[in-house]
Amino acid sequence: MAIRKVGVVGCGLMGSGIAQVSVQAGFPTVVREVSQPLLDKGFAAIRKFLQGGVEKGKLAQADMEKTLANLTGTIEIRDLADCDLVVEAVSEDRALKRELLGALDAACRAETLFASNTSSLSITELATFTKRPERFLGLHFFNPVPLMKLVEVVSTLRSAPAAVREASDWCRAIGKTVVSVGDSTGFVVNRLLIPYMLDAIRVYEQGLASRDDIDNAMKLGCGYPMGPLLLGDYVGLDTTCSIAGIMFDEFREPRFAPPPLLKRMVLAGQHGRKTGRGFYDWSTNPPS
Ligand code: CAA
């Protein structure tokens, strides 16, 4: 089945980015949020990014307006009924996803392809919340979605090869490179990235090196675009801690256990960029 119209559920950091790259690639896209203020916030982020592209000379103003005209916001699930692909990008809450996927399953056609952008929950389990496990898979995007080139396409034991092919073709059509992954917690990227980020926090916690020296070490010593502590702030320390907790539950390996400092920072509301404070002070630009 050809994908013509795309639905995205959730217009937060990831959902807004996914909706943006979809509509920028020419797919009429509908994005659903639970309330108008959240929708407005997501649209403002998309507009800001596109405007940034115009200012950098990467996008014509007219193309920006054309792109935005193809993007529809809604707070109703039923407005996604005629989509060929629906990408779920709501927060990592199993119960929330269960309820949402059930409602989407009832609203959409049987052949509509469903994908979840979860970074840590089991795609196999999410698929059981619908009556279409053969047309359900994972499409794991990376933050910031418009700039990061990768999508992990995650198939389960029940995903139909045709569904995987259609989803992979769509990812390529929106300009992403695809890697194919089986359904295992964290897939490939987080399986490798999360223990690395947790180890950086442990090094800092043990006083082995300062924040800036840890980040500079990995930036300048390994050529990474950001050091691991800055990346933690950027991804969100709450998100990092939650993914680590889920991976620890799954694998029972100490390398996935969230370090005490990370847990305390999350409890203290120091979640990084989103709360203005993490390892860095985000009220200044660049963070200090
Ligand atoms: N419109 C169009 N292009 C834009 C743009 C805009 N609004 N903003 C930036 N760009 C372009 C720039 O022009 C530049 O393009 P060129 O390379 O052609 O010059 C490019 O994007 C990079 O932009 P910047 O120079 O402004 O930014 P940067 O070089 O500082 O890079 C970054 C920013 C891409 C975020 C980089 O720091 C990076 O890659 N960081 C690591 C991010 C990462 O690891 N993400 C994954 C996190 S894990 C995750 O997401 C998964 C999970 O489950 C937790």
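Here my numbering is used: the first residue of the sequence shown is 2, the next is one more, and so on.
For glycine and all other residues, C-beta sits at the position ideal for the given N, C-alpha and C.
Remember, it's a predicted structure, so these values are computed and weren't measured experimentally.
In or out: G273 buried (at least 16 other Cβ within 10 Å) or exposed? Here residue 273 is taken as the residue at index 272 of the sequence shown, counted from 1. By the neighbour-count definition (other C-beta atoms within 10 Å, threshold 16), G273 is a buried residue.
From R95 to L122, what distance separates their C-alpha atoms? Start at 1 with the first residue of the sequence shown, and residue 95 comes out as number 94. Start at 1 with the first residue of the sequence shown, and residue 122 comes out as number 121. One C-alpha to the other measures close to 8 angstroms.
Got a sec: does the ligand CAA put a non-hydrogen atom nearer than 7 angstroms to the Cβ of N191? Mapped onto the sequence shown, residue 191 falls at position 190. Under cutoff, so the answer is yes.
Please classify T178 as buried or exposed, where buried requires at least 16 other C-beta atoms within 10 Å of its C-beta. Taking the first residue of the sequence shown as 1, we reach residue 178 at position 177. Residue environment: T178 is assigned as exposed (fewer than 16 neighbouring CB atoms within 10 Å of its CB, all protein chains considered).
Below 8 angstroms, how does it come out for the segment 163–183 and the segment 228–240: are there three or more Cβ pairs, yes or no? Result no; under three Cβ-Cβ pairs closer than 8 angstroms.
Going along the chain, which unbroken runs of the beta strand (DSSP E) with 3 or more residues stay wholly within the segment 65–142? Runs found: 72–75, 86–89, 114–117, 137–141.
Along the beta strand (DSSP E) that carries G224, what are the first and last residues, could you check? Counted from its first residue, the sequence shown places residue 224 at position 223. Per DSSP, G224 belongs to no beta strand (DSSP E) and is neither H nor E.
F167, DSSP secondary structure in three states: Numbered from 1 along the sequence shown, position 166 holds the residue referred to as residue 167. Reading off the sequence, residue 167 comes out as Glu, not Phe. In the structure shown, E167 sits in a helix (DSSP, three-state: H, G or I).
Where does the unbroken beta strand (DSSP E) through T30 begin, and where does it stop? Locating residue 30 in the sequence shown gives position 29, where the first residue counts as 1. Taken as a continuous stretch (DSSP letters only), the beta strand (DSSP E) holding T30 covers 30–33.
Could you check whether the Cβ of N217 sits closer than 7 angstroms to any heavy atom belonging to the ligand CAA? By one-based count along the sequence shown, residue 217 stands at place 216. Not under cutoff, so the answer is no.
Would you tell me roughly how many angstroms separate the C-alpha atoms of L127 and P261, rounded to the nearest one? For the purposes of this step, residue 127 is identified with residue 126 of the sequence shown, where counting begins at 1. For the purposes of this step, residue 261 is identified with residue 260 of the sequence shown, where counting begins at 1. If I take the Cα positions, the gap works out to 30 angstroms.
8 angstroms Cβ cutoff met for A116 and A82: To locate residue 116, count along the sequence shown from 1; it is residue 115. To locate residue 82, count along the sequence shown from 1; it is residue 81. No; because the gap between Cβ atoms is not below 8 angstroms, this pair is not in contact.
Does the beta-carbon of M149, which I'm using as the reference point, lie nearer than 7 angstroms to any heavy atom of the ligand CAA? Reading the sequence shown from its first residue, position 148 is the one you call residue 149. M149: yes, Cβ under 7 angstroms from the ligand CAA.
Can you grab the Cα-Cα spacing for the pair L114 / D85, in whole Å? Along the sequence shown, one-based indexing puts residue 114 at 113. Along the sequence shown, one-based indexing puts residue 85 at 84. When only Cα atoms are considered, L114 and D85 end up about 6 angstroms apart.
Indicate whether the contact test is met: 3 or more Cβ pairs, each with one atom in the segment 100–114 and one in the segment 52–63, closer than 8 angstroms. Output reads no: the segment 52–63 does not touch the segment 100–114.
Whole-angstrom distance between E77 and S36, CA atom to CA atom: Here residue 36 refers to the residue found at position 35 when the sequence shown is read from its first residue. Here residue 77 refers to the residue found at position 76 when the sequence shown is read from its first residue. Whole-angstrom Cα-Cα distance: 9 angstroms.
Cα-Cα separation between G58 and S23, rounded to whole angstroms: If you number the sequence shown from 1, residue 58 lands on position 57. If you number the sequence shown from 1, residue 23 lands on position 22. Answer to the nearest angstrom: the Cα atoms are 20 angstroms apart.
6 angstroms CB neighbourhood of L231 in its chain, flanking five on each side removed: The residue given as residue 231 occupies position 230 in the sequence shown. Within the same chain, D216 come within 6 angstroms of L231 by CB-CB distance, once the 5 residues on both sides are set aside.
DSSP on G27, reduced to helix/strand/coil? Your numbering for residue 27 matches position 26 in the sequence shown. Note: G27 maps to coil in three-state DSSP.
Determine the DSSP secondary structure at S284, reduced to helix, strand or coil. In the sequence shown, counting from the first residue as 1, residue 284 sits at position 283. S284: coil per DSSP, three-state reduction.
Pull up the distance between the alpha-carbon of S289 and that of L194, whole angstroms please. Translated into the one-based positions of the sequence shown, residue 289 becomes position 288. Translated into the one-based positions of the sequence shown, residue 194 becomes position 193. For S289 and L194, the distance between alpha carbons rounds to 23 angstroms.
For L101, which residues in the same chain have their Cβ closer than 7 angstroms to its Cβ, ignoring the five residues on either side in sequence? Along the sequence shown, read from residue 1 onward, the residue named residue 101 stands at position 100. Only V10, E89, V91 meet the Cβ criterion.
Short Cβ contact (8 angstroms threshold) for R33 with T75: Position 32 of the sequence shown, counted from the start, is the residue given in the question as residue 33. Position 74 of the sequence shown, counted from the start, is the residue given in the question as residue 75. Contact flag set, yes.
At the level of alpha carbons, what is the spacing between V87 and L199? Position 86 of the sequence shown, counted from the start, is the residue given in the question as residue 87. Position 198 of the sequence shown, counted from the start, is the residue given in the question as residue 199. If I take the Cα positions, the gap works out to 33 angstroms.
Does the distance from the C-beta atom of A258 to that of F252 stay below 8 angstroms? Translated into positions along the sequence shown, residue 258 becomes position 257. Translated into positions along the sequence shown, residue 252 becomes position 251. Contact flag unset, no.
At a cut-off of 7 angstroms, is L232 close to the ligand CAA when judged by its beta-carbon and the heavy atoms of the ligand? Along the sequence shown, read from residue 1 onward, the residue named residue 232 stands at position 231. L232: yes, Cβ under 7 angstroms from the ligand CAA.
Which residue wins for smallest C-alpha separation from R256, given the options S211, K220, A201? For this step, residue 256 is matched to residue 255 along the sequence shown. Out of S211, K220, A201, A201 has the C-alpha closest to the C-alpha of R256.
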